[in-house]
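**Student:** Heads up, the sequence shown is in our numbering, so the first residue is 960 and it goes up one at a time. Before anything else, here's the structure in question.
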Amino acid sequence: MQRTLVLLKPDCIQRRLIGEIIGRFEAKGLNIVAMKMLHVSPALAQEHYAEHVAKPFYPALEEFITSSPIVAMAIDGLEVIRVVREMLGATSGLKAAPGTIRGDFSSSRQMNLVHASDSEESAVRELKLYFAESELCPYAPTLIGSFKASDE
Ligand code: CMP
């Protein structure tokens, strides 16, 4: 079992795609174990995107991610870090394959609708930025037998 951080970015909220995109994670059988709407501050943006802060596109990225609220989620599942990244598709909506979230809904590199952690290390770091341990609500999914075999 793994846990990942997923952010529905300002473009997702502005375009009224929250339900559509959460629906994909639910349909896949993943467990949403925490969710909240918040405004990302410049300080949080700099911490979250620490590896990009020095890059030329960072000022525009910070302006975008702080421009209106986001929805942050913690999602549990088998191999969920890779599975969610594959559901998102390539970073640029122009390159993302049809059938992926970005491939179906985005035509932009910056306004790519959703962020998801790219490794176990990033997931641990990023989850702590958005959720206190007390805000996580893991639960035993009662329909699990309809989503996977007991030895998977
Ligand atoms: P995300 O998966 O949240 O991780 C970093 C974000 O920076 C990325 O999605 C894009 O929104 C943005 N990004 C990455 N590369 C570029 C780029 N070359 N120009 C503008 N924005 C970018």
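Note that the Cβ used here is the ideal one computed from N, Cα and C, for glycine as well. Because the structure is a prediction, the values reported are computed rather than measured.
1) Look at the alpha carbon of glutamate 1085 and the alpha carbon of serine 1078, and state the distance between them as a whole number of angstroms.
2) Which residue's Cα is closest to the Cα of serine 1051: Val1042, His1074 and Ala1033?
3) Could you give the DSSP three-state label for glutamine 961: helix, strand or coil?
4) Tell me the rounded alpha-carbon separation between glutamine 961 and aspartate 1035.
5) By the DSSP assignment, the alpha helix (DSSP H) with alanine 1033 in it spans what residues?
6) Taking the alpha helix (DSSP H) that alanine 1002 belongs to, which residues open and close that run?
7) Quick check on the burial criterion: 16 or more other C-beta atoms within 10 angstroms. Buried or exposed for phenylalanine 1090?
8) In the DSSP assignment, what are the bridge partners of alanine 993?
9) Starting from alanine 1082, trace the alpha helix (DSSP H) both ways and give me its first and last residue.
10) Of the residues Lys995, Gln973 and Arg983, which one's Cα is nearest the Cα of cysteine 1096?
11) Out of Gln1069, Gly1048 and Gly982, point me to the one whose CA is closest to phenylalanine 1016's CA.
12) Between which residues of its own chain and isoleucine 1024 is the CB-CB distance below 6 Å, once the five residues before and five after are set aside?
13) Note down, in chain order, each residue of its chain lying with its Cβ closer than 7 Å to the Cβ of phenylalanine 1106, except the 5 sequence neighbours on either side.
14) Just grab the DSSP bridge partners of threonine 1059 for me.
**Tutor:** Put simply:
1) 10 Å
2) His1074
3) strand
4) 6 Å
5) Where alanine 1033 is concerned, there is no enclosing alpha helix (DSSP H), although the beta strand (DSSP E) it sits in stretches over 1029–1036.
6) 1001–1007
7) buried
8) Ala1033
9) 1079–1089
10) Lys995
11) Gln1069
12) Val999 and Ala1004
13) Gly988
14) Pro1057
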